Amino acid sequence: MTAQSVMIPWQDRPEGCSDIMWRFSENPIINRYAIPTSNSIFNSAVIPFEDGFAGVFRCDNKAVQMNIFAGFSKDGIHWDINHDPIEMKAGNTEMIESDYKYDPRVTFIEDRYWITWCNGYNGPTIGIGYTFDFKEFFQCENAFLPFNRNGVLFPEKINGKYAMLSRPSDNGHTPFGDIYISYSPDMKYWGEHRCVMKVTPFEDSAWQCTKIGGGPVPIKTEEGWLLFYHGVINTCRGFRYSMGAALLDLEDPAKVLYRTKPYLLAPAELYELTGDVPNVVFPCAALTEGDKVTVYYGAADTVVAIAFGYISEIIDFMKKNSI
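Numbering (the working numbering), first residue to last: 94 to 416.
Next comes the structure, spelled out in structure tokens:
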């Protein structure tokens with residue numbers, strides 16, 4: 094089995110626009126009531142699959158119970174999301190308890206599609222599972238002890254080991270958070286934890302001064318791993334989530350080569366400013382085709398939107414505007 098290659102959703106940069114990344118003119122692509130039970134659909138992951146795309150979606154129901162659902166699309170824009178949440182079978186463990194599941198990421202490694210999510214087990218930790226067909230899913234051991242969020246796998250082994258980014262946190266609306274990397278020989282036991290990136294001083298880059306966390310699965314380029322991430326500032330109206338990017342060393346991803354001082358995308362449109370949690374741009378997935386990249390992000394913890402850019406331009410922007 095190999096990951097499939099299909100044309101990604103794309104819209105050219107609007108005339109007169111000089112932004113490094115730009116939004117899809119028909120955002121949001123998934124509304125909050127896209128399935129009968131949903132209160133909101135956001136912070137979701139997509140990947141090429143067969144002759145189209147598959148996804149794992151965060152769908153909070155009208156009791157605001159958090160769970161993940163599978164979905165399929167021919168074009169990456171119009172989605173058919175299952176009306177029932179994913180039911181996990183035992184993978185490398187019999188312990189598949191879960192109080193909630195949210196904010197998934199998905200990547201293809203070797204022979205299967207791996208999913209990570211924030212898993213409720215006496216507090217938030219990193220759940221891991223896999224599927225071959227997005228119909229049958231297998232849950233594995235949680236990667237870490239609570240409390241942790243934003244588990245993001247690299248799409249290939251590094252020095253013979255699986256690698257994952259995460260953000261140690263607390264049991265609530267965490268007012269802190271740095272990005273760490275951990276390694277595993279078998280997707281069951283994790284260790285060799287190393288700090289990758291810390292928040293920035295307020296006076297240097299305030300949009301990412303409170304907490305940061307990994308976004309989509311890192312993209313391998315000739316110059317390094319391109320990582321989109323979210324950064325947070327605590328304002329008088331609460332947290333404001335924006336998106337930036339970093340370039341990590343290919344052999345040692347704990348080494349940051351460049352990191353954006355300005356954000357790439359911040360809440361500005363109505364669907365980002367207004368919703369269940371206002372002022373949120375939260376990237377969870379990225380599709381690439383040559384130099385093009387399409388980033389899927391949750392907006393205001395309510396809907397799913399996409400933005401576009403060119404990898405070469407983003408890396409060049411990072412080099413010229415690195416903190």
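Beta carbons: idealized from backbone N, C-alpha and C, even for Gly. Here the structure is a predicted model, which means the values were calculated and not measured.
For this session: Might you give, ordered along the chain, the residues of its own chain that have their beta carbon closer than 6 Å to the beta carbon of I208, omitting 5 neighbours on each side?
Result: V149, P197, V199 and G222
Exercise. Beta-carbon separation of F375 and N136 under 8 Å?
Worked result: yes
Exercise. In the DSSP assignment, what are the bridge partners of P129?
Worked result: DSSP output for P129 lists no bridge partner at all.
Exercise. So what does DSSP say about I170, is it helix, strand or coil?
Worked result: coil
Exercise. Are F227 and A163 touching if we call contact CB-CB under 8 Å?
Worked result: yes
For this session: Answer yes or no: do A338 and L350 have a C-beta to C-beta separation smaller than 8 Å?
Result: no
For this session: Buried or exposed for G308, please, with buried defined as at least 16 other CB atoms from any protein chain shown within 10 angstroms of its CB.
Result: buried
Exercise. Opposite M336 in the DSSP bridges: which residues?
Worked result: H323 and L358
Exercise. Below 8 Å between beta carbons: does that hold for P217 and S262?
Worked result: yes
Problem set entry | Counted within 10 angstroms of its Cβ, other Cβ atoms place T387 as buried (16 or more) or exposed | buried
Exercise. Terminal residues of the continuous alpha helix (DSSP H) containing M411?
Worked result: I404 to K413
For this session: With DSSP as the reference, label A96 as helix, strand or coil.
Result: Reliability of the predicted coordinates at A96 is poor, the pLDDT of 47 falling under 50, and the value obtained from them is presented with this limitation in mind. Looking at A96 - three-state DSSP - the assignment turns out to be coil, as it is neither helix nor strand.
For this session: Report the rounded CA-to-CA distance for S111 versus S405, giving the unit in angstroms.
Result: 15 Å
For this session: Measure the C-alpha to C-alpha separation of N215 and F237 and round it to an integer number of angstroms.
Result: 12 Å
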